[in-house]
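Q: For the protein sequence lines, the chains are A and B, in the order given. Residues in the first sequence are numbered consecutively from 1, following our numbering. Residues in the second sequence are numbered consecutively from 1001, following our numbering. Each residue gets a CB set at the ideal place from its N, CA and C atoms; glycine is no exception.
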Amino acid sequence: QQPVQSPQAVILREGEDAVINCSSSKALYSVHWYRQKHGEAPIFLMILLKGGEQKGHDKISASFNEKKQQSSLYLTASQLSYSGTYFCGTEEVTGNQFYFGTGTSLTVIP
Amino acid sequence: DTGVSQDPRHKITKRGQNVTFRCDPISEHNRLYWYRQTLGQGPEFLTYFQNEAQLEKSRLLSDRFSAERPKGSFSTLEIQRTEQGDSAMYLCASNLGGRSTGELFFGEGSRLTVL
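1. Between B:S1027 and B:G1107, is the Cβ-Cβ spacing less than 8 Å?
2. Can you look up B:L1011 in the DSSP assignment and give me helix, strand or coil?
3. Ordered along the chain, which non-local residues of its own chain (more than five positions away) have a Cβ less than 6 Å from that of A:F98?
4. Nearest-angstrom Cα distance between A:K59 and A:S72?
5. Give a yes or no on contact between the stretch 33-49 of chain A and the stretch 1016-1025 of chain B, applying the rule of three or more CB pairs nearer than 8 Å.
6. Which residues bound the beta strand (DSSP E) around B:S1066?
7. Could you compute how far the alpha carbon of B:A1053 sits from the alpha carbon of B:S1062?
8. Taking 8 Å as the cut-off, decide whether the C-beta atoms of A:P3 and A:S30 are in contact.
9. Does any residue of chain B bring its CB to less than 8 Å from the CB of A:P7?
10. In three-state terms, what does DSSP make of B:G1085?
11. Taking only three categories from DSSP, how would you classify A:K68?
12. Please identify, using Cβ separations under 9 Å, the residues of the stretch 1053-1073 of chain B that lie next to chain A, in order along the chain.
13. Tell me whether A:L73 sits in a helix, a strand or coil according to DSSP, three-state version.
14. Tell me, which residues are paired with B:N1051 by DSSP?
15. Can you name the residues of chain A whose CB is closer than 8 Å to the CB of B:E1103?
16. Quick one: list the residues of chain B neighbouring A:T102, beta-carbon separation under 8 Å, in chain order.
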């Protein structure tokens, strides 16, 4: 079941913050976050396995609320290199197939 | 091993022709996934393998699509009687598998254009 992301698109100035949300209708075992730049393959950012878990990588962090089947990606003090399309990926409790979300286009401008 | 490789990178074909894509995963990876991605959309799950066993096929995968992974190494995705709606990027990804999916490593993709 494809998770739904919001917003669909966001434009930021360098240094601003953004939050991207991912929501599933199914019980989730894990949530991944990937970034894809135009014409390139998706690149892994992080995985969250436990309910309420938070992880961080540089100025990018994420949380996972397994009870609500939701995850959020937080980008703080955005840099030009953060531009791209962000996808969440979800692994459902009942299976091992892996579904990607609808995507959020992020553009950081000087 | 430098990563997941896919071949060909680009394929242009006429409607009605058959095409085959190949994916070579990272050598120790047990699990291999195929996705289809169209412009502005997220990767759409097609199928996945655990070693040589095909464990799941998306309902989106019509009977014109077939995938196999003989000997649990490389995989092929064949599309028969291509239609213009099949035009997309076909992405292959692999990982170690196990209960937790773990990071997916993607190939560069095979872009199909059906005229």
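A: The relevant details are as follows:
1. Mapped onto the second sequence, residue 1027 of chain B falls at position 27. Mapped onto the second sequence, residue 1107 of chain B falls at position 107. The answer is no: Cβ separation not under 8 Å.
2. Walking along the second sequence from the start, residue 1011 of chain B turns up at place 11. One point to set straight first is that residue 1011 of chain B is Lys, not Leu, in the sequence displayed. For B:K1011, the three-state secondary structure derived from DSSP is strand.
3. Within the first sequence, the letter at position 98 stands for residue 98 of chain A. Hits under 6 Å: G89, E91.
4. The count along the first sequence starts at 1 and reaches residue 59 of chain A at position 59. The count along the first sequence starts at 1 and reaches residue 72 of chain A at position 72. Near 14 Å, if we compare the C-alpha coordinates of A:S72 and A:K59.
5. Taking 8 Å as the limit for Cβ pairs, the verdict is that the stretch 1016-1025 of chain B does not touch the stretch 33-49 of chain A.
6. Along the second sequence, read from residue 1 onward, the residue named residue 1066 of chain B stands at position 66. Segment 1065-1068, the beta strand (DSSP E) holding B:S1066.
7. Reading the second sequence from its first residue, position 53 is the one you call residue 1053 of chain B. Reading the second sequence from its first residue, position 62 is the one you call residue 1062 of chain B. B:A1053 and B:S1062 have their C-alpha atoms roughly 19 Å apart.
8. Locating residue 3 of chain A in the first sequence gives position 3, where the first residue counts as 1. Locating residue 30 of chain A in the first sequence gives position 30, where the first residue counts as 1. No, these two residues do not count as a Cβ contact at 8 Å.
9. Start at 1 with the first residue of the first sequence, and residue 7 of chain A comes out as number 7. For A:P7, the nearest beta carbon of chain B is not closer than 8 Å to its own beta carbon.
10. Along the second sequence, one-based indexing puts residue 1085 of chain B at 85. If DSSP states are grouped into helix, strand and coil, B:G1085 belongs with the helices.
11. For the purposes of this step, residue 68 of chain A is identified with residue 68 of the first sequence, where counting begins at 1. The answer is coil: DSSP assigns A:K68 none of H, G, I, E or B.
12. Answer in chain order: L1055, E1056, S1058.
13. Here residue 73 of chain A refers to the residue found at position 73 when the first sequence is read from its first residue. Reduced to three states, the DSSP call for A:L73 is strand.
14. Stepping through the second sequence from its first residue, residue 1051 of chain B is reached at position 51. For B:N1051, which the question treats as bridged, DSSP gives no partner whatsoever.
15. The residue given as residue 1103 of chain B occupies position 103 in the second sequence. By Cβ distance, chain A contributes H32, F44, I47.
16. Counted from its first residue, the first sequence places residue 102 of chain A at position 102. For A:T102, the neighbours in chain B by C-beta distance under 8 Å run, in chain order, Q1041, G1042.
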